[in-house]
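S.K.: Protein chains in written order, with the numbering used here: chain P, 64 to 260; chain A, 64 to 260; chain Y, 64 to 260; chain L, 64 to 260. Backbone N, C-alpha and C define an ideal beta-carbon position, used for all residues, glycine too. From a predicted model like this one, the values you see are computed outputs, not experimental measurements.
4 protein chains.
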Amino acid sequence: MNKWQGPGIPDQAFLRVDGIPMTKQEIRAISLSKMRLFPGAVIYDIGAGSGSVAIECKLLVPEAEVYAVEREARAVQLIHRNSERFGVDIHVIEGLAPACLVSLPPADRIFLGGSGGYIAEILSSCDRLLQENGRIVINAVSLHTLEEARRFFTAKNYCCEIIQVQIAVHQFKGDAEFWQARNPITIISAEKQGVRR
Amino acid sequence: MNKWQGPGIPDQAFLRVDGIPMTKQEIRAISLSKMRLFPGAVIYDIGAGSGSVAIECKLLVPEAEVYAVEREARAVQLIHRNSERFGVDIHVIEGLAPACLVSLPPADRIFLGGSGGYIAEILSSCDRLLQENGRIVINAVSLHTLEEARRFFTAKNYCCEIIQVQIAVHQFKGDAEFWQARNPITIISAEKQGVRR
Amino acid sequence: MNKWQGPGIPDQAFLRVDGIPMTKQEIRAISLSKMRLFPGAVIYDIGAGSGSVAIECKLLVPEAEVYAVEREARAVQLIHRNSERFGVDIHVIEGLAPACLVSLPPADRIFLGGSGGYIAEILSSCDRLLQENGRIVINAVSLHTLEEARRFFTAKNYCCEIIQVQIAVHQFKGDAEFWQARNPITIISAEKQGVRR
Amino acid sequence: MNKWQGPGIPDQAFLRVDGIPMTKQEIRAISLSKMRLFPGAVIYDIGAGSGSVAIECKLLVPEAEVYAVEREARAVQLIHRNSERFGVDIHVIEGLAPACLVSLPPADRIFLGGSGGYIAEILSSCDRLLQENGRIVINAVSLHTLEEARRFFTAKNYCCEIIQVQIAVHQFKGDAEFWQARNPITIISAEKQGVRR
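1) Please name the residue, chosen from Y:R198, Y:C120, Y:Y130, Y:E211, that lies closest to Q318 of chain Y on a Cα-to-Cα basis.
2) Consider the Cβ of E16 of chain L: report whether some Cβ of chain A lies at a distance smaller than 8 Å.
3) Name the chain P residues that come within less than 8 Å of D238 of chain L, Cβ to Cβ?
4) Classify L78 of chain Y as helix, strand or coil using the three-state DSSP reduction.
5) For chain P, is any of its Cβ atoms less than 8 Å away from the one on M85 of chain A?
6) Using a 10 Å radius around the Cβ and a threshold of 16 neighbouring Cβ atoms, would you call S188 of chain L buried or exposed?
7) Answer with yes or no whether the minimum CB distance from Q243 of chain Y to chain A is below 8 Å.
8) So for G158 of chain P, helix, strand or coil by DSSP?
9) Which runs of the alpha helix (DSSP H) at least 4 residues long sit entirely within the region 111-174 of chain Y? Give them in chain order.
10) Can you find the residues in the same chain that come closer than 7 Å, C-beta to C-beta, to C163 of chain A, ignoring five residues on each side of it along the sequence?
11) Is the beta carbon of I173 of chain P sitting closer than 8 Å to the one on Y107 of chain P?
12) Would a C-beta distance cut-off of 8 Å place I230 of chain A and I226 of chain P closer than the cut-off?
13) Quick one: residues in its chain with C-beta nearer than 6 Å to the C-beta of Q194 of chain L, no 5 flanking neighbours on either side, listed in chain order?
14) Given that L206 of chain L touches chain A, what residues does it touch there, using C-beta distances under 9 Å?
15) Quick one: what's got a C-beta closer than 8 Å to Y233 of chain Y's C-beta in the same chain, skipping five residues either side?
16) If we count the other Cβ atoms within 10 Å of its Cβ and call it buried at 16 or more, is F101 of chain A buried or exposed?
17) Between L:S146, L:L95, L:S205, L:A111, which lies nearest to A76 of chain L when the distance is taken from Cα to Cα?
18) At the level of alpha carbons, what is the spacing between S115 of chain P and I201 of chain P?
19) Mind pulling the alpha helix (DSSP H) runs of 4 or more residues that sit fully within the region 177-209 of chain P?
20) Taking G158 of chain Y as the reference, which of Y:A138, Y:G179, Y:R134, Y:A212 has the closest Cα?
21) Can you pull the DSSP bridge partners for A218 of chain Y?
22) Among P:K97, P:R99, P:V139, P:R213, which residue has its Cα nearest to the Cα of V80 of chain P?
23) How many Å lie between T86 of chain A and E128 of chain L at the Cα?
24) Rounded to whole angstroms, how far is the Cβ of L271 of chain L from the Cβ of L141 of chain L, which I believe are closer than 8 Å?
25) Is H233 of chain L helix, strand or coil when you go by DSSP?
26) According to DSSP, simplified to helix, strand and coil, what is I251 of chain L?
27) Pop quiz: L192 of chain P and L167 of chain P are said to be a contact at Cβ under 8 Å. What is the actual Cβ separation, rounded to whole angstroms?
28) Grab me the residues of V151 of chain L's own chain with a C-beta within less than 7 Å of its C-beta, minus the 5 sequence neighbours each way, in chain order.
29) Leaving out the 5 sequence neighbours to the left and right, which residues in its chain are closer than 6 Å to F216 of chain L when beta-carbon positions are compared?
30) Throw me the rounded Cβ distance for the E211 of chain L and I182 of chain L pair, which I believe falls under 8 Å.
31) Throw me the rounded Cβ distance for the G112 of chain Y and P84 of chain Y pair, which I believe falls under 8 Å.
32) Check the C-beta distance from I72 of chain L over to V228 of chain L and give it rounded, since I have them as a contact under 8 Å.
33) I'd like to confirm the pairing. Which residues does DSSP put opposite A239 of chain P in its beta bridges?
34) Quick check on P247 of chain A: buried or exposed, where buried means 16 or more other Cβ atoms within 10 Å of its Cβ?
35) Can you say whether R198 of chain L is buried or exposed, counting buried as having 16 or more other CB atoms within 10 angstroms of its CB?
36) Distance, Cα to Cα, N196 of chain A vs G180 of chain P?
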């Protein structure tokens, strides 16, 4: 039996490398919940960073096909090492989205953790690659990403939910204790409407 | 294939009854993640309300034994109906915690969604019933629950993490749009230390 | 000596009417702080609602000229009654912004508590009416207002600060206690750059 | 005319020294509002740090007597320099609370920004020194301070309000923008009941 079968991998179980972002446990849990994974799903994790979302997807739904897309070579290495650590078999695609998405099979679920400023272009490609009733979940840290995503999903008539999540962690430092705030994250969950005949 | 295999059951998929609380999707996702479920685990959901946590536990880990403990008859009925709806087989225990816990097998994981003011007594019982390295996850809405839990876990030398989660949901109302805040929830995750020899 | 000389008027000191919004004490305190009032300032409170911001401005800086602009007749009456209650002499303008702003003297400080959907038009007028180094403070509840304000102030080269404020109030209800969240407010503070020669 | 007459001193207007805390503008504005200052009030600022609360009190209510109490010599120097900068005349008391409070005249208003772990002792002294209908406002970063204050004010039958404030500031960093969270602060405002005859 593997130690981590998910859900619920604590952050410290992942290997980390300085400067490569990781979706934290709480935000990962909500995002995975919003994705509504299912067996057999084709899943993209775009801007995969440390690979934590892609890996927990695969642990939760072993029958899924998971594609972790990442442009930075160091992060790609890290994703490989983390996949190995958790014993999961995911596809790691080194390349810049949206260009590198074209060779992938159509997606049922897309997680977008980081857009590197290309949010509009990435969403256009994702829309073409996404199956009917497919879902896109975005973690936005910037107003720009939120504005662009909102505009896009409204124009394309996606069914869209937007929430903001703020986490504070109780910490000790010497004799003192305090709540340490994490930066707020906006989570946008959008579902592509099926064709109405 | 069942429609909901979790993770990720939206709130509206559950049957609701007025006045019976339900752990909302986002808090449920984080709480389940903090519980670190595993196949074969014995799980209590104390103050189970609508049964959403117990049901999603069972969907995530079908090999687990899940006990939903609830004192109110109407809620017990609702848990039964929700279990049926999701096709899961959980044990529903009608009774007041901690008294009704004594007949249960030792627990690996305990979720405490509501304590009805008996937090100190419930934690004492849970501590006796919890296996070594077992975990308790509490959703606290009151300072009282947080204070009591903190005191208890410190005294008993549990390894304890406390986070606060605030969710705001973007809403439309006529022409207006706004962020609607949910009340903040404190999530306490505590792990019982194994005996050191 | 008047009982309320501010700062620090509790919400219950104001007369209220159902359906007429009031800027709550905490958000009022921050907004007034961001306005950087000074003696002799000409101040607009646009969408004045219950009049709480206009009245506290006048109490803080008795030498200021304060214009409370409000389109709804019932609210206008309420502002008059609240002004009387606090013994302050402010100008209450009944009318729809931006149209009704044209007759006012140039402003040093503008507070925008509600835009009724005309944010772009109101900001254009405010920009024309605002003195160099004048300040505009906006309380936004919607993403739309935030997006429009951001675009406007960027285009016009205002010096702009954006913060989000979330307040939770500890409440008792019967035996239970809990944190009650208020909806988050975004406060945008913008300063018009003086002409550089 | 002095440049800063308050309310509304931006943080960068104060001199700062590494390691000496300062109550930030937004929390200062709310705290001052909760204090309900009045002309002639005797005010303590205990754990005055950079002096920002004491100084803004004096600017808002020039007729008040303001005592800034601080145990650390470097902070005492900083308070003197900041007072000079803003041209206000406040009493700076170097010493450890509660011991050093005994020589002060009875207080109408007390602000407690930092307790250095002696919250119970400080509150006992403050209670003896506080006039009937006097007010104490506490900024708590720790659960411990909140618990102790709550217990104390309940036992002493103060009229008590507790709020939690979370601020996020919109920031730019290179090409990226994001919301930067400040740590949440709990603000406890308590009023001493007058003797009932």
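M.R.: Put simply:
1) The displayed coordinates of chain Y run from 64 to 260. Any statement about residue 318 of chain Y would go beyond what the structure contains.
2) Because residue 16 of chain L is not part of the residues shown, which for chain L are 64 to 260, the question remains open.
3) Along the fourth sequence, read from residue 1 onward, the residue named residue 238 of chain L stands at position 175. The answer, in chain order, is G180.
4) In the third sequence, the residue the question calls residue 78 of chain Y occupies position 15. Three-state result, L78 of chain Y: coil.
5) Taking the second sequence and counting its residues from 1, one reaches residue 85 of chain A at position 22. It does not; no Cβ of chain P falls within 8 Å.
6) One-based indexing of the fourth sequence puts residue 188 of chain L at position 125. Result: buried.
7) Translated into positions along the third sequence, residue 243 of chain Y becomes position 180. Output row for Q243 of chain Y: interface = yes.
8) As a position in the first sequence, residue 158 of chain P is number 95, starting the count at 1. G158 of chain P: coil per DSSP, three-state reduction.
9) 115-123, 136-149
10) Numbered from its first residue, the second sequence carries residue 163 of chain A at position 100. Once the five neighbours on either side are set aside, the close Cβ partners of C163 of chain A are V132, I156.
11) Taking the first residue of the first sequence as 1, we reach residue 173 of chain P at position 110. Taking the first residue of the first sequence as 1, we reach residue 107 of chain P at position 44. Cβ distance < 8 Å, so I173 of chain P and Y107 of chain P count as in contact.
12) Mapped onto the second sequence, residue 230 of chain A falls at position 167. Mapped onto the first sequence, residue 226 of chain P falls at position 163. It is a contact, given that the beta carbons lie within the stated cut-off.
13) Indexing the fourth sequence from 1 puts residue 194 of chain L at position 131. Here the set comprises P169, D171.
14) Translated into positions along the fourth sequence, residue 206 of chain L becomes position 143. What L206 of chain L touches in chain A: L206, L209, E210, R213, I225.
15) Against the third sequence, residue 233 of chain Y aligns to sequence position 170. According to the sequence shown, residue 233 of chain Y is His rather than Tyr. Answer for H233 of chain Y: E240, F241, W242, Q243, listed in chain order.
16) One-based indexing of the second sequence puts residue 101 of chain A at position 38. It counts as buried.
17) Numbered from its first residue, the fourth sequence carries residue 76 of chain L at position 13. Closest by alpha carbon: L:S146.
18) Counted from its first residue, the first sequence places residue 115 of chain P at position 52. Counted from its first residue, the first sequence places residue 201 of chain P at position 138. Each residue's alpha carbon lies about 15 Å from the other.
19) 182-192
20) Here the question's residue 158 of chain Y lines up with position 95 in the third sequence. The residue with the shortest Cα to Cα distance from G158 of chain Y is Y:R134.
21) By one-based count along the third sequence, residue 218 of chain Y stands at place 155. DSSP output for A218 of chain Y lists no bridge partner at all.
22) In the first sequence, residue 80 of chain P corresponds to position 17, counting from 1. Answer by Cα proximity: P:V139.
23) Within the second sequence, the letter at position 23 stands for residue 86 of chain A. Within the fourth sequence, the letter at position 65 stands for residue 128 of chain L. Cα to Cα, T86 of chain A sits roughly 51 Å from E128 of chain L.
24) No statement about residue 271 of chain L is possible, as the shown extent of chain L runs from 64 to 260 and does not include it.
25) Taking the first residue of the fourth sequence as position 1, residue 233 of chain L is located at position 170. DSSP places H233 of chain L in strand when its eight states are reduced to three.
26) As a working note, residue 251 of chain L is residue 188 in the fourth sequence. It is a strand residue.
27) Position 129 of the first sequence, counted from the start, is the residue given in the question as residue 192 of chain P. Position 104 of the first sequence, counted from the start, is the residue given in the question as residue 167 of chain P. With 8 Å as the limit, L192 of chain P and L167 of chain P qualify as a contact, their Cβ atoms being about 7 Å apart.
28) Counting from one through the fourth sequence, the residue named residue 151 of chain L turns up at place 88. Result list for V151 of chain L: I118, K121, L122, in chain order.
29) Indexing the fourth sequence from 1 puts residue 216 of chain L at position 153. Counting only Cβ-Cβ distances below 6 Å, and skipping sequence neighbours, we find C223, A253.
30) Residue numbering aside, residue 211 of chain L sits at position 148 when the fourth sequence is read from its first letter. Residue numbering aside, residue 182 of chain L sits at position 119 when the fourth sequence is read from its first letter. With a Cβ gap of about 5 Å, E211 of chain L and I182 of chain L count as contacting.
31) Here residue 112 of chain Y is taken as the residue at index 49 of the third sequence, counted from 1. Here residue 84 of chain Y is taken as the residue at index 21 of the third sequence, counted from 1. Sure, about 5 Å apart at Cβ, within 8 Å.
32) Locating residue 72 of chain L in the fourth sequence gives position 9, counting from the first residue. Locating residue 228 of chain L in the fourth sequence gives position 165, counting from the first residue. Not really, about 18 Å apart at Cβ, beyond 8 Å.
33) If you number the first sequence from 1, residue 239 of chain P lands on position 176. Its beta-bridge partners are P:K236.
34) Taking the first residue of the second sequence as 1, we reach residue 247 of chain A at position 184. Answer is buried; the Cβ neighbour count reaches 16.
35) Start at 1 with the first residue of the fourth sequence, and residue 198 of chain L comes out as number 135. That one is buried.
36) By one-based count along the second sequence, residue 196 of chain A stands at place 133. By one-based count along the first sequence, residue 180 of chain P stands at place 117. Going from the Cα of N196 of chain A to the Cα of G180 of chain P covers about 44 Å.
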